[in-house]
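Notes follow once the structure below has been shown.
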Amino acid sequence: MVMMCHIKDGESPLSLKILLANATSIWSEHLLHLSSFFLNSTEELTLNRFIILILAELRLKCEEYATALLDHTRTSYELEVMLNYDPNGPIYEKGERMKLERLKLAIICKQKTFVAHPNVQQLLAAVWYEGSPGFRRKGPVGQLLDISKMATMFPVYSMAYMMAPSSSLGQTMKKPFTKFIVHSSAYCCFLMLLIMASQRVETLVMEWIGTDYFLQKSSK
1 MVMMCHIKDG ESPLSLKILL ANATSIWSEH LLHLSSFFLN STEELTLNRF IILILAELRL
61 KCEEYATALL DHTRTSYELE VMLNYDPNGP IYEKGERMKL ERLKLAIICK QKTFVAHPNV
121 QQLLAAVWYE GSPGFRRKGP VGQLLDISKM ATMFPVYSMA YMMAPSSSLG QTMKKPFTKF
181 IVHSSAYCCF LMLLIMASQR VETLVMEWIG TDYFLQKSSK
């Protein structure tokens, strides 16, 4: 029933395997609930064990089939097409923004083996570090310097994204890793300003470096 409905809607074979694996757990709950109405305790226990074993095996096989499809991808583009397939949207073209609809479906259906597949993890790492080539190959000191550079330039990135979103700096702000660093540094700066305002830093600064004239004006 699940397969016929989704074939009619134009779902991919990958989606069918993920959905079918998820559906077996739903079927098992309904069958176990119905068996309590028609069978005595002994027969119910035997049938429940049989249902659990059969559906657990079916779920495992469906999950293995869905994961096995990832092993047959020969290029990164084939993997991108597979994970970005959307039956209700246009066909994915290389260079477009990845929505990863099939990966989201696997996460919703709790397909841990599929999500943890090396090919999927490699693609996710490439998407996350896009715009920062060679970052993962650098040592801890090099990575710290790159992060510090992006964090200190967050006002420049923010202004470029607001004033000229099509520029190179504006496009860099759309990269996940850069966006995370810029947003984190902006939030830390905001917290630091709140702390400084609560401690009346301007008064302390005037006491340290201010002249007598400014100290008299501030006291008034």
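So that you can map any letter, position 185 of the sequence shown is 185 in the UniProt record's numbering, and since no number is skipped, the others follow by simple counting. No residue lacks a Cβ here, since even glycine has one placed at the ideal position from N, Cα and C.
| Check | Outcome |
| --- | --- |
| Excluding the 5 residues flanking asparagine 40 on each side, which residues of the same chain have their C-beta closer than 8 Å to its C-beta? | Summary for asparagine 40: the model assigns pLDDT 48, below 50, so the residue's position carries little reliability; its value from the coordinates is reported in the next sentence. Correct list: empty, nothing qualifies. |
| Valine 115 and residue 222 - do their beta-carbons sit closer together than 8 Å? | Absent from the structure is residue 222, since the part of the chain shown begins at 1 and ends at 220. |
| Assuming phenylalanine 63 and glutamine 111 form a contact by the criterion Cβ under 8 Å, report the distance between their Cβ atoms to the nearest whole angstrom. | Phenylalanine is not the amino acid found at residue 63; the sequence shown has glutamate there. Indeed they touch by this definition, with Cβ atoms about 6 Å apart. |
| Please classify serine 132 as buried or exposed, where buried requires at least 16 other C-beta atoms within 10 Å of its C-beta. | buried |
| Rounded to whole angstroms, what's the CA-CA distance from alanine 125 to alanine 197? Just pull it up for me. | 39 Å |
| Helix or strand or just coil, what does DSSP make of glutamate 57? | helix |
| Alpha carbon to alpha carbon, how far is glutamine 143 from glycine 134? | 10 Å |
| Please tell me whether serine 166 and alanine 160 are closer than 8 Å, where the distance is taken between their beta carbons. | no |
| Helix, strand or coil for valine 201 per DSSP? | helix |
| Just mark arginine 59 as buried or exposed, buried being the case when its beta carbon has 16 or more other beta carbons within 10 Å. | buried |
| Quick check: the Cα distance between glutamate 80 and tyrosine 92, rounded to an integer number of angstroms? | 8 Å |
| Since tyrosine 77 and lysine 94 should fall inside the 8 Å C-beta cutoff, what is the C-beta to C-beta distance between them, to a whole number of angstroms? | 6 Å |
| State the Cα-Cα distance for the pair proline 176 and leucine 145, rounded to the nearest angstrom. | 18 Å |
| List the whole-angstrom C-beta distance separating tyrosine 157 from methionine 173, where the pair is believed to meet the contact cut-off of C-beta under 8 Å. | 5 Å |
| Please confirm whether glutamate 101 and asparagine 119 have their CB atoms less than 8 Å apart. | no |
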